[in-house]
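In order, the protein sequence lines correspond to chains R and U. Anchor point for the first sequence: position 207 equals 196 in the working numbering, and the numbering is continuous, going up by one each time. Anchor point for the second sequence: position 31 equals 20 in the working numbering, and the numbering is continuous, going up by one each time. The block underneath contains the structure these notes are about, expressed in structure tokens.
Number of protein chains: 2
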Amino acid sequence: MLTPVLDRIDADLPAALDRLQTFLRIPSISTDPAYAEKCADAAAWLATDLQTLGIEASPRPTEGHPMVVGHGGDGGPHLLFYGHYDVQPVDPLELWSHDPFEPIIEDDMIRGRGASDDKGQLMTFVEACRAWVAVHGALPCQLTLLFEGEEESGSPFLIPFLKDNADELRADLALICDTTMFNKETPAITTMLRGLLGEEIVVTGPSRDLHSGAYGGAAANPARILCKILASLHDETGRVTVPGFYDSVPELDPALAEQWSKLDFNADAFLSEVGLSHPAGEQDRTALEMIWSRPTCEINGLNSGYTGDGFKTVLPSQATAKVSFRLVGQQDPHVIRTAFRQMVTEALPPDCTAAFHDHGASPASIMSTSDPAFEAARQALSDEWPNEAAFVGAGGSIPIAGYFRDYLGMDALLAGFARNDNQIHSPNEKYDMDSFHKGIRSWARILSALSQKKAS
Amino acid sequence: MLTPVLDRIDADLPAALDRLQTFLRIPSISTDPAYAEKCADAAAWLATDLQTLGIEASPRPTEGHPMVVGHGGDGGPHLLFYGHYDVQPVDPLELWSHDPFEPIIEDDMIRGRGASDDKGQLMTFVEACRAWVAVHGALPCQLTLLFEGEEESGSPFLIPFLKDNADELRADLALICDTTMFNKETPAITTMLRGLLGEEIVVTGPSRDLHSGAYGGAAANPARILCKILASLHDETGRVTVPGFYDSVPELDPALAEQWSKLDFNADAFLSEVGLSHPAGEQDRTALEMIWSRPTCEINGLNSGYTGDGFKTVLPSQATAKVSFRLVGQQDPHVIRTAFRQMVTEALPPDCTAAFHDHGASPASIMSTSDPAFEAARQALSDEWPNEAAFVGAGGSIPIAGYFRDYLGMDALLAGFARNDNQIHSPNEKYDMDSFHKGIRSWARILSALSQKKAS
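Given below as structure tokens:
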């Protein structure tokens, strides 16, 4: 059953690349309201493409950007595949070597915004389905496909959608393609994901921007206050100082620690690739712990006063920061949000106020690998790639994995083919040809393995 | 001699307002290279206007925006009048109630960018000259006029221009109209001006923007480092911590302290007008000292990572701050710049570098009020306004006053008619009709007084 599908995938690669490029040309930036129509276009394109595979698919309106839901195939296990068609903003645009929405294929790489995160990744699954249908005339088992358009915006309408459509969406297992390989020869199934809490603080001092000569010295400067508060979020050892922050942070399971210690992880190389040499987090932790199993607090954006060319001697009325927390173990994002806001509010001097904006909250997800599907998928991946597949952690948040457990009662198997150097969320995002081609083949193998497993 | 000139000023006010509005319509923003041509337009407009008064005037090219120099009149003292035709940027544009470059006259106010700082102020002098010429057929004494186009950009080419043209520009006394009244009924001659040091810091961590999930915890975050450094610039009592910062800061002269204590200054009202209630500077100083005679350090701009709508989980490669210091007494801006840069550099952790950009440096200016011209001008102002004129300090920097002493060997008499609520450097800048009208009359009185004084 599998070999002709893999052959078909190899033969159809040029056409698959054409389809991906068409998809990448749609600037579906979900965080910027100016691109709402483009998000709808991307949803429509996906639904239409799924229909060509005999999948009954359509965009589903939400209060935000539409979801795309499709159903096809029958028999075997019922699998739900999830991906997201929205992409990150592209600024700073001047750092791109080409138009982010005019994809380029060169040097065995597909270049463009979304090439990796997540359009390229989700299309590996769609193309595997297309090959299966082309060879066998049908999908290998019962499949539901769910594509979201607001993953990069904190998924504000995902939970209500899952709740409202739980009967339609519930399956035996979820498959998610939004993660990385461990390295370019070692595929990975991610079983541990950090959660994410996004906050925006706006500190206001004077009721309007002031002249720093006329008022400087006497008037409270909100930029100075904001910096002081942000500087207080970590102690000298790199630990986060929000009260109670570490209360629900477990020590790493010894078995997993043992497995991780055997991985060929070179912290120096990991950092030097981005111009760094010192792990900057908690000083008593390894770099792998810092990015996989320890919580963080990061400043993602700062804005106040005059930021253009030259100089303006303004004493600003407001100062804004976007701050995010990566969460692990049983850390409750709502408890931490409350503690964070209280800490900020208590640090305000007279004459300064703070407003807070909620930019999403999801707890960490830890998968149960005792489900035999996990081992079957791990073996399927190992068959495709040079090295044995590994169960790993991931620093990024994929809240959907937790939602699937909480609202649909199913586990999620996260297998992705991105690499750490894909520059996702950065200028010059790319996806390697190997990630795309062998990614499609990997999903064909996993679908084959899971269908056989359930049938046996 | 004076009365018919004052009458002429009153009669010509509508025409003077028309001329000012024409001048205000030219968006001569000097800090933004996109407006270079508009700065040249403003210089040309001024030169042409001066020519109609029989003043030999022309724009003079510099490496930046042109200067305008004019000469006219003879006899009496030789006075040099200085003003600047460039204006501040207008962002945030959305906070303006109207187009900043389409001036409006309403409620006895002239509204628009530059209405006060400094186009409206400099035109008070030009209009006084116009009235004098209209009535007497000639200027009251020998006058040189110097208008600069880069005052809001730190005057990068002013010193070389003064040096290169010292023989042409040297006069007995400089007159400068870029300051405020003490209050709307009390005119002021500013005899104490703070200096200004402008610095921009760019902290770089990773070589590119990173995904805060993939790298967060392990990679140095330059926004966090910058906040920590900026937070360390003041101690708990509000004092600036740059080493040696207070070494050349004198205590206030007891005589001046006595005079200031008699001024009708209401710190509560001063702050409450901008939504504040607590003097935020050094806690052992009065609010008037904080803004007139004590040095400061202010953050004027902050920028890092993603600052648009929504949220982007970026770990930024760079973080930037614009920082300025107001200087007093004998503080040397170059010594303080060196100490500041060294303090920042020493605070950088591994993997972070800082680049610095120089945005101007000028020491404080303290005028010698023993020159009888100061008392003559103070009396002339007292004749025009309800209250007696005062010798005061000013928080803002007018480096030109120091340059005139250093490079042309002359003192500067600073008399201005702006008010503290003119919103200079902010949205909705305005200049009161009284400031303009009685400002013109004030210059006529001062010109009369100084001419008579020298002639007697």
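Built from N, CA and C at the ideal position, the CB exists for glycine as well.
Using the beta-carbon count (16 or more within 10 Å), is Lys108/U buried or exposed?
buried
Hey, is the region 112 to 119 of chain U in contact with the region 3 to 20 of chain U, meaning 3+ C-beta pairs nearer than 8 Å?
yes
Under 7 Å between the Cβ atoms of Pro388/U and Ser351/U?
yes
Glu95/R - DSSP class collapsed to helix/strand/coil:
strand
From the DSSP output, read off the bridge partner residues of Ser47/R.
Per DSSP, Val58/R.
For Lys301/R, which three-state DSSP category applies?
coil
Segment limits, beta strand (DSSP E) that includes Cys286/R
285 to 294
Give me the subset of the region 276 to 296 of chain R whose CB atoms are less than 7 Å from a CB atom of chain A, sorted by chain position.
This model lacks chain A altogether, as its protein chains are R and U.
Going by C-alpha to C-alpha distance, which of Ala353/R, Arg330/R, Gly349/R sits closest to Thr342/R?
Arg330/R
Would you tell me roughly how many angstroms separate the C-alpha atoms of Glu52/R and Asp340/R, rounded to the nearest one?
38 Å
When the distance is taken between beta carbons, is Leu436/R closer than 7 Å to Pro129/R?
Closer than 7 Å, so yes.
Taking Cβ positions, are Ser17/U and Val76/U nearer each other than 7 Å?
yes
Taking the straight line between their C-alpha atoms, what separation do you get for Lys301/U and Tyr295/U?
6 Å
Gly61/U beta carbon near the ligand SAM (any heavy atom closer than 6 Å):
This structure lacks the ligand SAM; in fact it carries no ligand of any kind.
So which residues of chain R does Asp21/U contact, with C-beta pairs closer than 9 Å?
Gly297, Asp298, Gly299
If we ignore side chains and look at the alpha-carbon of each, how far apart do Ala155/U and Trp85/U end up?
41 Å
Can a CB atom of chain R be found closer than 7 Å to the CB of Asp63/U?
no
To which residues of the same chain is Asp257/U closer than 8 Å at the C-beta, ignoring the five residues directly before and after it?
Ser266
Taking Phe150/U as part of the alpha helix (DSSP H), name the residues at either end of that continuous run.
Where Phe150/U is concerned, the enclosing alpha helix (DSSP H) stretches over 147 to 153.
Enumerated in chain order, which unbroken segments of the beta strand (DSSP E) with a length of 3 residues or greater are wholly contained in the region 369 to 439 of chain U?
When DSSP assignments are scanned along the region 369 to 439 of chain U, the uninterrupted stretches of beta strand (DSSP E) that are 3 or more residues long and fall wholly within it turn out to be 379 to 383, 401 to 404, 419 to 421.
As an exercise, report each continuous alpha helix (DSSP H) stretch of at least 4 residues that is fully enclosed by the region 102 to 168 of chain U, in chain order.
Listed in chain order, they are 108 to 125, 147 to 153, 155 to 158.
Within 10 angstroms of its Cβ, does Ser261/U collect 16 or more other Cβ (buried), or is it exposed?
exposed
Determine which residues share a DSSP beta bridge with His513/R and list them.
What is shown of chain R runs -10 to 445, which leaves residue 513/R out entirely.
Using the C-alpha atoms, what's the distance from Asp(-4)/R back to Thr41/R?
20 Å
If I measure Cβ to Cβ from Arg326/R and keep anything under 7 Å in the same chain, skipping five residues before and after, which residues do I get?
Leu186, Glu188, Ala350
Neighbour flag for Val303/U against chain R, beta carbons, 7 Å
yes
List the residues of chain U that Lys27/R touches, going by C-beta distances under 9 Å, in chain order.
Here the premise fails: no neighbours, minimum Cβ distance about 15 Å.
Which value, in whole angstroms, describes the spacing of the CA atoms of Asn255/U and Ala366/U?
The alpha-carbon separation between Asn255/U and Ala366/U amounts to approximately 26 Å.
Beta carbons nearer than 9 Å to chain U: which residues of the region 246 to 264 of chain R have them?
Ala256, Phe259, Leu260, Glu262, Val263, Gly264
Hey, is Cys216/U's beta-carbon within less than 7 Å of any beta-carbon in chain R?
yes
The beta strand (DSSP E) spanning His267/R covers which residue range?
Here His267/R belongs to no beta strand (DSSP E), and DSSP marks it neither H nor E.
How big is the Cα-Cα spacing for Ala438/U and Gln320/U?
35 Å
Quick check on Gln307/R: does DSSP put it in helix, strand or coil?
strand
Flag this pair as yes or no: are the beta carbons of Gly138/U and Pro22/U separated by less than 7 Å?
no
Residue interval of the alpha helix (DSSP H) (run including Gly318/R):
Counting along the chain, no alpha helix (DSSP H) covers Gly318/R, and no H or E run does either.
Please report the distance separating the alpha-carbon of Ile93/U from that of Tyr420/U.
11 Å
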